[in-house]
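Report on the following structure.
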Amino acid sequence: MIFASALGEDLARALLQGMPPGAVYALIAIGFVLAYKTSGVFNLAFGAQAYVSAALYFQARQEWDWGILPALLVSVFLLAPALGLILERLIFRHLRTSSSVAKLVVAIGLTVAIPSLFDVVVGFSPVAGQTPTGIIPGGANVFYQPFGVYAFSRDELMAMGLAVVAMLGLAALFRFSAIGLQMRAVVESPRMTELNGIQADRVSAFSWALSSVFAGLAGVLIAPRFNTLAAPDFFNLVVVAIAAAAVGRLMSLPRALAGGLGLGVFIALANTFLPAWAEAHPILAPIQENVAPAVPFLVLFALLVLWPAVRTTKEQADPLSGVDPPPPSLASRERSSGLTVATRVFAVVFFLTVGFVVFTRADVNWLFLITQSVILSTIFLSITVITGLAGQISLCQGTFAAIGGFTVFQLSDRYGTSALVAALIGAVVASACGALLSLPIRRLGGVWVAIATLAFAFFFDAVMVKLPWVGGGGTSLLQGTRVPRPTIGPWDLGDDKAFLVLALVVFVITSLAVIQIREGTIGRTLRALRGSELASQSIGISPARSRVLAFALSGFIAGIGGAMLSMQQENVNYTLNFSPFAALFWLVLVVSLGSRTVEGAAQAGAAYALFEAIVLRGAVFGWILRSADRIPGIFPISPKWRFIIFGLGTIQFARHPEGLVEFNTRRAHRRTEALLARLRRPGAAPPPEPDVPEAKEVVP
Amino acid sequence: MTPILELRNVSAGYGPFHALFDVCLSVQPGEAVALLGANGVGKTTLARAATGLIVPTEGSVWVDGVDMTGVAPFRFARAGVAHAPEGRSVFATLTVEENLRLSFRQSKGRRGVGAALDQAFSQFPLLARRRPMLAGNLSGGEQRMLSMARVLVEAPRLLVADELSLGLAPIIVDEIYHDLARLRSEGTALLIVEQRISHALALCDRVVLLEHGTVIWEGPTDGAEARVVAKIFDHSAGEEPPC
Amino acid sequence: MTPILETRGISKSYAGIGALRDVALQVGEGERVGLIGPNGAGKTTLFNCILGLLVPNAGSVWLAGDNITSLPVHQRARRGIGRSFQRIELFTESTVREHLLIAERVRRGNGSLWKDLLGRGRPTADELRSCDVVLARLGLAELADEPIEQLSLGQGRLVEVGRALMTQPRVLLLDEPSSGLDRQETADLAATLRELQEEQGFAILLVEHDVEFVAAFTQRCYVLDFGSLIAEGLTAEVLERSIVRESYLGTPEGPDT
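Those sequence lines, one after another, are chains A, B and C. Sequential numbering from 745 applies to the first sequence in my numbering. Sequential numbering from 317 applies to the second sequence in my numbering. Sequential numbering from 6 applies to the third sequence in my numbering.
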């Protein structure tokens, strides 16, 4: 039977074809499991670590003309473990008693910071189209065809072989070696391991070095898959790998391997057989085209929601965790005083001055940046709600914003709806998406909410954006996703200054709403939940209901902000503005600067749009010296510094979750008040600084 | 004689929470000391300070005449001071065998592991049957047995045992105290934190009574029982700390 | 008369310490009942089964004649189970008054998004008044605007009690309220609780290791050991029984003072 044999051949080809990408997923999944098992950290920065080694290898080979071996040694066996040791010693060792959410936020910050730091230090800038090479000569060009239906390149064989060898080797290490046993013991309880006479710090340093070497090796091996080396691709791969690792509940190495290979094969099967199906039903064609890349994210989301075993694989609580001092509690809340009034007056004066200058003097570019910063501040208020008030880490705020933008695009494009009405509809749609998304994940714990939202963001990125009724499909490739500026009666907001006024009005209204919510029932309920879920339940608060509401509100705000941003740029510009990786930086910024307050969101918005222009390009010196020509020669500094600075800024999240700026403001307030008090009552002792307030009781 | 363990004017706590105030305590080699007191008086904190798990805010900890204040806990372990912590005292994510392997590998070296394992399993046949099970799935008594097996094979110079009988059936508590008595006869000094005082009093030479983070009475076991019981239940007896 | 709180044949087992076997317990309207037993006897497990934090393997929990075994924690709270915590659980970044306010708001159930947006979500004079009554009753009036981080442990425990009272509980579950308090603080807390309880008529179920406290405070008590009830009855009588002393003290004889 011809049909049967054709089917059989298709099947065999799909199986073989799925192996190489599957092996890549498996490599990262194994590395991720290794890192999770030996450090207990949900290390999203794993991709960043892989990127750094891959990039150094690339640079050494291509730019510095090194041989394969020295390049490999330096990038994988020198740089990678050094980076791991630094991360362990300087950051994660001090976060042992922090919550897993705090560690996750730090890892997200590192995901943003590490690649940029490397690029700046090494002066690395990948040229588009310069494909990295593997670690064997002719890796991409020499093929073997063992089964007659599919040809493997040498690189692919190498990756597949290494995935299997790594799994076996690491499994053996955990099973038979003393250090393997010690690494597992340290993750459960460093203190109890010490009671056995083992130096826990050294073991944990070894763990980080080992998993970092693995990250580096995986990075170098998979780099040839990409046309151009770029950190976001590695981050994307890590999320795929988490799906593979979730199959093994993030703990089992063999299952991570199987999960990775399974995903690869599944995608290949879908690619092989779906086209015929879509041909029969043309309406499904766009879904078919994009379903394959979305498979991992669907799998990840489904596993999280439907398989409680994944998320109930709680790390065993350390029976001796009570030994370490509790993390410092927040600096006590500032109580209003004359000082607050003074700062408010100052703020009003400051903004009036800035506003006057902007409206009279600023050129088109500055106007654009300032409008952008106001709109981003609005979007960031959605993070204030979900992360600051509700204490949840959501990594799909960019997606909510994109939904707002796309709605305006679709409605105005198809039905000529007024842009402002469309923006409101967009916000409602985003809000509904937020509520719907939060329903299945309402019972997930902190880290898992972050991962589920990330899976959703990537799913949207891979599938929805390409659908004609969302991102415009093929036509938008040609024409862009055009969005008009709104008009209100006689006012045409196409004018930049008029639009800035609109953006300001939207920001002020949203800010007031957020403040009202924060001070009202919802804010109080969410604050109670953030403080203690157990105690909140004991007075009748339903955590699930509150979280759904928080997601809906946050979706609404992000949606309206996304619509505004699209209107400003007169284009949705999805990839630039709203892609999951771009939105990671949003969270990083807001968390660094202050996720609890409207001021924090405003500062984050300003930092996003203006930090580069004012600080990194040295404009501020231009103003001070009254001439753009006299800006010192070190400017412009690489714009990547903002990723580095704010990415590393997340490290303080574990100690001061209210944000760096907030923390400093409070401290400054306190100091000023102490000073004022001393001036008023000369000779009186200054009131003690309640830097470390009475901690909660520790039951000894 | 140099005491194997000596706490000199130790104050300790957790961050800003203070649990011990100016405590002096010493344990001579081969001696057995019972550390008694009601819940929450700082017994566990004292045990932790004695083995380096927490660093005293004031005062010093001496082992064998060497100042070990602020030294990492693994050095205490290597100096022969073992600590059986309160509550779960085994690695729940490791199997029974791996739990034993982990400590024997450190104390006996690569070659000694096999013999030590055999010895442990022959002493505790029940553990031998549970060998491949995750320690987290053992019952409370079995977990305690496992942590005792670790100590019994190694015979430390001093064992600090924190609430060994917690949540265990009387018959198992009897067994554990039987093991402790054997350790003692082999020359191990004991510092025993206990709520079920009759067992502790039967085993030990000396009693130290703690209240609100300070030593309120210290003396030989003989005739101490009434005083101790009265102390815990009536809060009325007591003398100035003999420090 | 129907007991306000009842457990019928509760059994719970999981790996490790603290299983329960067939525990039946009743708390009558306005009664003060103690639950004692040595550490690890299963007191906390039973407590968590009543609160809904653990699901028993067998048996049921009844509140005022309704079977609440399958209700989630927050709904049990709304039906009248209030509690305090052994390791105090307070809301960080809030003042004392805010703790009571949120409980009052949840009880009234009159908050909504629209009210928040229109600026009507802030505490009303009426709510503030009922909070202040309770604060004054607990002697916390002067601390009302203090951030919670500044309080002592004893004050924190009072805030917990106040928060629970705002929900107008029918039965109050107290989890080792004396832990971490000194004798005087414990006595003060007991006195305050007693007054409030006699005024407002809710029942109290108290888990406690401080025998003295239980003897002074409760009318009846249950004794758990190894997951089973080994004694129940009037507190004074129960504490005299030798089986209780043995299990609790590990000594065959009582104190001879």
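Here a beta-carbon is modelled for each residue, glycine too, at the ideal position from N, C-alpha and C. If you're wondering where the values come from, they're calculated on a predicted model, not measured in any experiment.
Checklist entry - Any heavy atom of the ligand ATP closer than 7 angstroms to the CB of M1311/A? => result The ligand ATP is not part of the structure shown, which contains no ligands of any sort.
Checklist entry - In chain C, which residues lie less than 7 angstroms from E1263/A when you measure between Cβ atoms? => result Translated into positions along the first sequence, residue 1263/A becomes position 519. Near E1263/A (Cβ distances below 7 angstroms), the residues of chain C are G126 and R127.
Checklist entry - By Cβ distance below 7 angstroms, which residues in the same chain neighbour Y493/B in space, the five residues on each side in sequence not counted? => result Translated into the one-based positions of the second sequence, residue 493/B becomes position 177. H515 and L519, listed in sequence order.
Checklist entry - Within the chosen definition, does the stretch 1013-1032 of chain A reach the stretch 961-972 of chain A through at least 3 CB pairs nearer than 8 angstroms? => result no
Next on the checklist: Looking only at its chain, what residues have a beta carbon closer than 7 angstroms to the beta carbon of R112/C, apart from the 5 residues adjacent to it on each side?
Outcome noted: Residue 112/C sits at position 107 when you count from the first residue of the third sequence. Within the same chain, R112/C has close Cβ partners M171, T172 and Q173.
Checklist entry - So, is G946/A buried or exposed, given that buried needs 16 or more other C-beta atoms within 10 angstroms? => result The residue labelled residue 946/A in the question sits at position 202 within the first sequence. Note that residue 946/A is Arg in the sequence shown here, rather than Gly. So R946/A ends up on the exposed side.
Checklist entry - Buried or exposed: where does I248/C fall if 16 or more other Cβ atoms within 10 Å of its Cβ makes it buried? => result Here the question's residue 248/C lines up with position 243 in the third sequence. It counts as exposed.
Item to check | Within 8 angstroms, strictly: CB atoms of G1148/A and G1178/A | outcome: Residue numbering aside, residue 1148/A sits at position 404 when the first sequence is read from its first letter. Residue numbering aside, residue 1178/A sits at position 434 when the first sequence is read from its first letter. Result no, Cβ atoms of G1148/A and G1178/A do not sit closer than 8 angstroms.
Next on the checklist: If you reduce the DSSP assignment to three classes, tell me which class D383/B lands in.
Outcome noted: Stepping through the second sequence from its first residue, residue 383/B is reached at position 67. Strand.
Checklist entry - When burial is assigned at 16 or more other CB atoms within 10 Å of the CB, is Y1159/A buried or exposed? => result In the first sequence, counting from the first residue as 1, residue 1159/A sits at position 415. Exposed, since its Cβ has fewer than 16 Cβ neighbours within 10 Å.
Next on the checklist: Which complete alpha helix (DSSP H) runs does the stretch 1300-1361 of chain A hold, if anything under 4 residues is left out?
Outcome noted: 1318-1322, 1324-1337 and 1342-1355
Item to check | CB contact check: V219/C to chain A, cutoff 8 angstroms | outcome: What you label residue 219/C is simply residue 214 of the third sequence in a count that begins at 1. Output row for V219/C: interface = no.
Next on the checklist: Run through chain A and tell me which residues come within less than 9 angstroms of D137/C, C-beta to C-beta.
Outcome noted: Within the third sequence, numbered from 1, the residue matching residue 137/C stands at position 132. Chain A residues near D137/C: none, gap ~17 angstroms exceeds 9 angstroms.
Checklist entry - Which term fits V176/C, buried or exposed, when burial requires 16 or more other beta carbons within 10 angstroms of its beta carbon? => result Taking the first residue of the third sequence as position 1, residue 176/C is located at position 171. Buried.
Checklist entry - Going along chain A, which residues have a C-beta under 8 angstroms from P389/B? => result Sequence index remark: in the second sequence, residue 389/B carries index 73 (1-based). Within 8 angstroms Cβ-Cβ: R935, E938 and L939.
Next on the checklist: Counting C-beta neighbours from all protein chains within 10 Å, is the total for R1289/A 16 or more, i.e. buried, or is it exposed?
Outcome noted: Against the first sequence, residue 1289/A aligns to sequence position 545. So R1289/A counts as exposed.
Next on the checklist: Quick check: what's the CA-CA separation for G1135/A versus F920/A?
Outcome noted: If you number the first sequence from 1, residue 1135/A lands on position 391. If you number the first sequence from 1, residue 920/A lands on position 176. In a straight line, the C-alpha of G1135/A is about 42 angstroms away from that of F920/A.
Next on the checklist: Pairs of beta-carbons, one from the stretch 777-795 of chain A and one from the stretch 913-929 of chain A, closer than 8 angstroms: are there three or more?
Outcome noted: yes
Checklist entry - Would you say L1133/A reaches chain C, if we count a Cβ-Cβ gap shorter than 8 angstroms as a contact? => result Here residue 1133/A refers to the residue found at position 389 when the first sequence is read from its first residue. Output row for L1133/A: interface = no.
Checklist entry - Of the choices T1341/A, I1195/A and A1176/A, whose alpha-carbon is the least far from that of G1299/A? => result Residue numbering aside, residue 1299/A sits at position 555 when the first sequence is read from its first letter. Minimum Cα distance to G1299/A is reached at A1176/A.
Item to check | Residue range of the beta strand (DSSP E) that includes P536/B | outcome: The residue given as residue 536/B occupies position 220 in the second sequence. Segment T530 to P536, the beta strand (DSSP E) holding P536/B.
Checklist entry - Measuring CA to CA, which of V886/A, R1186/A, P890/A and R1414/A is closest to D899/A? => result Taking the first sequence and counting its residues from 1, one reaches residue 899/A at position 155. With distances taken between CA atoms, D899/A lies nearest to V886/A out of V886/A, R1186/A, P890/A and R1414/A.
Next on the checklist: So that I know if they touch, is there some Cβ in chain C lying closer than 8 angstroms to that of S1255/A?
Outcome noted: Here the question's residue 1255/A lines up with position 511 in the first sequence. It does not; no Cβ of chain C falls within 8 angstroms.
Checklist entry - Of the choices R473/B, E413/B and L507/B, whose alpha-carbon is the least far from that of L462/B? => result One-based indexing of the second sequence puts residue 462/B at position 146. Looking at the Cα atoms, E413/B is the closest of the given residues.
Checklist entry - Any C-beta of chain B sitting closer than 8 angstroms to the C-beta of R837/A? => result For the purposes of this step, residue 837/A is taken as residue 93 along the first sequence, with counting starting at 1. No, because no Cβ of chain B sits closer than 8 angstroms to the Cβ of R837/A.
Item to check | Local conformation of T100/C per DSSP, three classes | outcome: Translated into positions along the third sequence, residue 100/C becomes position 95. The answer is strand: DSSP assigns T100/C an E or B state.
Next on the checklist: Which residues in chain B have a C-beta closer than 8 angstroms to the C-beta of A925/A? List them in chain order.
Outcome noted: Indexing the first sequence from 1 puts residue 925/A at position 181. A small correction: the amino acid at residue 925/A is Leu; Ala does not occupy that position in the sequence shown. Under the 8 angstroms cutoff, chain B gives L410, E414, R417, L418 and R421.
Checklist entry - Looking at the unbroken beta strand (DSSP E) that takes in I209/C, where does it start and where does it end? => result The sequence position of residue 209/C within the third sequence is 204, counting from 1. That run of the beta strand (DSSP E) goes A208 to V212.
Item to check | Option in G1403/A, V845/A, L861/A and S1182/A with minimal Cα separation from G784/A | outcome: Looking up residue 784/A in the first sequence gives position 40. Ranking the options by Cα distance to G784/A, first place goes to V845/A.
Item to check | Under 8 angstroms by beta carbon: chain D residues contacting L482/B | outcome: Of the protein chains in this structure, namely A, B and C, none is chain D.
Item to check | As assigned by DSSP and simplified to three states, the class of V871/A | outcome: One-based indexing of the first sequence puts residue 871/A at position 127. V871/A falls in the coil class under three-state DSSP.
Checklist entry - Over what stretch of residues does the alpha helix (DSSP H) that includes W952/A continue unbroken? => result Along the first sequence, read from residue 1 onward, the residue named residue 952/A stands at position 208. Note, W952/A: alpha helix (DSSP H), A944 to I966.
Checklist entry - Of all the alpha helix (DSSP H) runs that stay within the bounds of the stretch 1167-1241 of chain A, which reach a length of 4 or more residues? => result For the stretch 1167-1241 of chain A, whole alpha helix (DSSP H) runs of length 4 or above, ordered along the chain, are 1190-1206 and 1217-1223.
Checklist entry - Which residue comes first and which comes last in the alpha helix (DSSP H) that contains V864/A? => result Along the first sequence, read from residue 1 onward, the residue named residue 864/A stands at position 120. From DSSP, the alpha helix (DSSP H) with V864/A extends over S844 to V866.
Checklist entry - Along chain B, which residues have their Cβ under 7 angstroms away from the Cβ of R928/A? => result Taking the first sequence and counting its residues from 1, one reaches residue 928/A at position 184. By Cβ distance, chain B contributes T409 and L410.
Item to check | Cβ neighbours of R1079/A in the same chain (closer than 6 angstroms, five flanking residues each side left out) | outcome: The residue labelled residue 1079/A in the question sits at position 335 within the first sequence. Per-residue confidence for R1079/A stands at a pLDDT of 49, beneath the threshold of 50, marking its modelled position as unreliable; the derived number appears in the next sentence. Correct list: empty, nothing qualifies.
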